[in-house]
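Single-structure report; data block below.
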Amino acid sequence: MRILQLYINNNLEGSINWAIVEDENTEKGSSSWDEISLFDNVQVEVYLNAHCCSIMRVNTTGISTKRLTEELILGMLEDSIVDDIDEVKPIILHTENDITYVAIFNKLYYEALLSKLESINKPIRFIQSFVFSTDYQENTWTLYISEEQRFIRTSKYEYYLLDNNQPIPALLNDMLNTSKPRTLITYSDNNDMLNEITTKYDIPCEPSTLITSGVTVWNFHNPKSTHFKIKLEKQTKLDLLKLYNTVKIFGGIIITFWIINLIAISVNSAILEAQLKKNLQVITPIKTINQASVQLAIDKIQSMRHERGVYSETDAVPMFSNFLDTVSNVGTNSIIQIAYAHNSLDIFLNNNFETTQFVSYKNILLTKQILATIQDYKTYLKKIKTSSTNNTNAPTGEQSQELDAAWVITLQPSIAFDPRGDK
C-alpha cells in the first residue's frame, strides 16, 4: 500500500511538503495541489502544522456525549476564544472522565482545507495534527522547536504553541514555574535553551527524533456518504425473507379477522335497526333511523304524555319542584317570578336569596339531570333586550319587563336530544 503523507501549514496556496511511503522505501518532495492530484494508487494521511488549530479542554460533567453539539461547545468556550465564535469551527477530539478535548479551527481555513483535499480526489485515511506524531509518555512533556513550528505537548491530546522568547519561551517558563514534568522529551537543536531548562528547573531533557507516522490519534475526517448501502450475508438475507413471509401471513390473518368482524358489526347493526323500526311503529311510522326520526318519536311520546296529563321531567312543574326540594334557603319572600319556555325555566329572585351555596345546589340538580346556571338580573335583562332587537321571536311581555330582581336562575335538562346535533 502506498501512503501519501501531506504536511500542511497555514498557507494552503503554496507548495505542500509530502512523503510517499511504500514498504520500507520513502520518497519526499514538495508539490502544488494540482501535481499532488496526479499521484496514482495512494491513500492520504494529512498532518497539520501545530499552528493550524488550537486545543482546548472543556469540563462536560453531567452532559451526555450525544448533546455535545457545536453550538454548546462554542457557548462553553466563548470567553476563552479570541476570535468571534461565528468565525471558528470546533472539532471534538476525545471525551473521557467528564473532560472533552476540542480542536478550534478558523472556519474559512477549515473549509478551504477540506476543499483542497477533495480536489485531489484521493482516499483519506485520517487528518490530524502533526503534534500527535511526536513521542509522548505518561508524566512527561514533549518540547518541539523548529523553524516551522514550536509547541509543548503536555498530554496525549493537549499541547500549547510557544513564543520566540530567548532562551526559554515565556509560556514554557510560566508553565515550568507552576508544575514540572518528570522528564522533558525534546525535539530541538537549541542547546542553550535545553541547558537553561536543565540548570534552572532541574529537569532532565531526553533528545528524540522519533516521529510516529501512520498511527491515528485523532481523525476529524468523517465524510458522509450520499448512498446508504447495507451489505447482508446470504444467511441473513434468508432469515429476513422468512421473517417477511411470517409477517405477511400474520398480517393476512389479522386482515381476515378484521373483515369478518366488520361484516358481523354490519349485520348486527341492520338487525338492531330493523328491531328499532318495528318497536317505533306503534308510536309513529319510521322509514329510516336517524336523528330527525328519533326526535319525531320523542316529540310524539311527549305529546302523548301531555294528552294524558303526565308531566315530563322537562316541564315547568317537575323542574320547579326539584328546585324547591333542593334549594333549602329559598322562600316565598325570595322568589319574585318564574318564566318557562322551550324546556327552560327562569326563576327570578331578590336580594334575600343567598348565592354562597349555589355550587352545591347545582351539583345536586345535576344528579337529577337538571343543569342550573345563575346570573345577575341586569346581565339577564341586557341579554333579553339584545335578543329582542336582533330576533323578532325573542321573549316579550312580562319576561322582558324590568322587575325588582337581583338574580336569575335558569334550569334546563342536562341531556337533551336535538335533531340538528346540538346538545
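Counting in our numbering, the sequence shown runs from 1422 upward without gaps.
Every residue, glycine too, gets a C-beta built ideally from N, C-alpha and C.
Q: With a threshold of 16 other CB atoms inside 10 Å of the CB of V1688, please say whether the residue is buried or exposed.
A: Numbered from its first residue, the sequence shown carries residue 1688 at position 267. Exposed.
Q.
By alpha-carbon positions, which one of S1742, I1513, Q1587 ends up nearest to N1612?
A. Locating residue 1612 in the sequence shown gives position 191, where the first residue counts as 1. Ranked by Cα distance from N1612, the options S1742, I1513, Q1587 are led by Q1587.
Q: State the Cα-Cα distance for the pair E1568 and E1466, rounded to the nearest angstrom.
A: Taking the first residue of the sequence shown as position 1, residue 1568 is located at position 147. Taking the first residue of the sequence shown as position 1, residue 1466 is located at position 45. Cα to Cα, the separation comes out at about 22 Å.
Q. Would you call the CB atoms of P1602 and T1561 closer than 8 Å?
A. By 1-based counting over the sequence shown, the position of residue 1602 is 181. By 1-based counting over the sequence shown, the position of residue 1561 is 140. Taking a C-beta distance under 8 Å as the contact criterion, P1602 and T1561 qualify as a contact pair.
Q) Per DSSP, Q1464 forms a beta bridge with which residues? A) Start at 1 with the first residue of the sequence shown, and residue 1464 comes out as number 43. When beta bridges are read from the DSSP output, Q1464 appears opposite I1424.
Q) How many angstroms separate the CA atom of S1554 from the CA atom of C1473? A) Within the sequence shown, the letter at position 133 stands for residue 1554. Within the sequence shown, the letter at position 52 stands for residue 1473. So the alpha carbons of these two residues sit roughly 15 Å apart.
Q.
Would you call the segment 1426 to 1441 in contact with the segment 1470 to 1485, where contact means no fewer than 3 C-beta pairs closer than 8 Å?
A. With three or more CB-CB distances shorter than 8 Å, the segment 1426 to 1441 counts as touching the segment 1470 to 1485.
**Q.** Of the residues K1698, T1633, F1774, I1704, the one placed nearest I1722, counting alpha carbons only
**A.** Position 301 of the sequence shown, counting from 1, holds the residue named residue 1722. The residue with the shortest Cα to Cα distance from I1722 is I1704.
Q: Note down, one range per segment and in chain order, each alpha helix (DSSP H) of at least 4 residues found wholly within the segment 1435 to 1495.
A: Those alpha helix (DSSP H) runs which fall completely within the segment 1435 to 1495 and span 4+ residues are 1454 to 1457.
Q. Could you give the uninterrupted runs of the beta strand (DSSP E) lying entirely in the segment 1501 to 1576, keeping only those of 3 residues or more?
A. List check, beta strand (DSSP E) in window: 1509 to 1517, 1520 to 1527, 1545 to 1550, 1561 to 1566, 1571 to 1574.
(Q) If contacts are defined as beta-carbon pairs under 8 Å, then Y1565 and Y1608 qualify, I think. What distance do you get, rounded to the angstrom? (A) Residue numbering aside, residue 1565 sits at position 144 when the sequence shown is read from its first letter. Residue numbering aside, residue 1608 sits at position 187 when the sequence shown is read from its first letter. Indeed they touch by this definition, with Cβ atoms about 4 Å apart.
(Q) Pop quiz: I1424 and V1442 are said to be a contact at Cβ under 8 Å. What is the actual Cβ separation, rounded to whole angstroms? (A) Residue numbering aside, residue 1424 sits at position 3 when the sequence shown is read from its first letter. Residue numbering aside, residue 1442 sits at position 21 when the sequence shown is read from its first letter. Yes, they are in contact, since the Cβ atoms of I1424 and V1442 sit about 5 Å apart, within 8 Å.
(Q) Suppose you measure from the CA of G1483 to the CA of G1450; what does that come to, to the nearest Å? (A) Reading the sequence shown from its first residue, position 62 is the one you call residue 1483. Reading the sequence shown from its first residue, position 29 is the one you call residue 1450. Distance between the alpha carbons of G1483 and G1450 is about 48 Å.
(Q) Can you tell me where the beta strand (DSSP E) holding F1774 begins and where it ends? (A) Position 353 of the sequence shown, counting from 1, holds the residue named residue 1774. Here F1774 belongs to no beta strand (DSSP E), and DSSP marks it neither H nor E.
Q.
L1824 and F1741 - do their beta-carbons sit closer together than 8 Å?
A. Sequence index remark: in the sequence shown, residue 1741 carries index 320 (1-based). Sequence index remark: in the sequence shown, residue 1824 carries index 403 (1-based). Contact flag unset, no.
Q.
Using only the alpha-carbon positions, how far apart do E1492 and T1516 sit?
A. As a first step, residue 1492 is located in the sequence shown; it is residue number 71 there, counting from the start. As a first step, residue 1516 is located in the sequence shown; it is residue number 95 there, counting from the start. So the two alpha carbons sit approximately 17 Å from each other.
Q. What is the rounded straight-line gap between the Cα of V1738 and the Cα of I1795?
A. For the purposes of this step, residue 1738 is taken as the residue at position 317 of the sequence shown. For the purposes of this step, residue 1795 is taken as the residue at position 374 of the sequence shown. Answer to the nearest angstrom: the Cα atoms are 19 Å apart.
Q: Write down the C-beta distance between L1605 and I1632 rounded to the nearest angstrom, noting that I regard them as a contact closer than 8 Å.
A: Along the sequence shown, one-based indexing puts residue 1605 at 184. Along the sequence shown, one-based indexing puts residue 1632 at 211. The beta carbons of L1605 and I1632 sit about 17 Å from each other, so the pair does not count as a contact at 8 Å.
Q) Do the segment 1537 to 1551 and the segment 1499 to 1511 meet, that is, are 3 or more Cβ pairs less than 8 Å apart? A) Contact between the segment 1537 to 1551 and the segment 1499 to 1511 is absent, because fewer than three Cβ pairs lie under 8 Å.
Q) If we ignore side chains and look at the alpha-carbon of each, how far apart do N1711 and A1691 end up? A) On the sequence shown, residue 1711 is found 290 positions in, with the first residue counted as 1. On the sequence shown, residue 1691 is found 270 positions in, with the first residue counted as 1. Going by the C-alpha atoms only, they are around 13 Å apart.
Q. Per DSSP, V1748 is paired with what?
A. Counted from its first residue, the sequence shown places residue 1748 at position 327. Looking at the DSSP assignment, V1748 forms no beta bridge with any residue, so it has no partner.
Q: Any chance you could list the alpha helix (DSSP H) runs of at least 4 consecutive residues sitting entirely within the segment 1577 to 1657, in chain order?
A: Taking 4 residues as the minimum length, the alpha helix (DSSP H) runs contained wholly in the segment 1577 to 1657 are 1591 to 1599, 1612 to 1622, in order along the chain.
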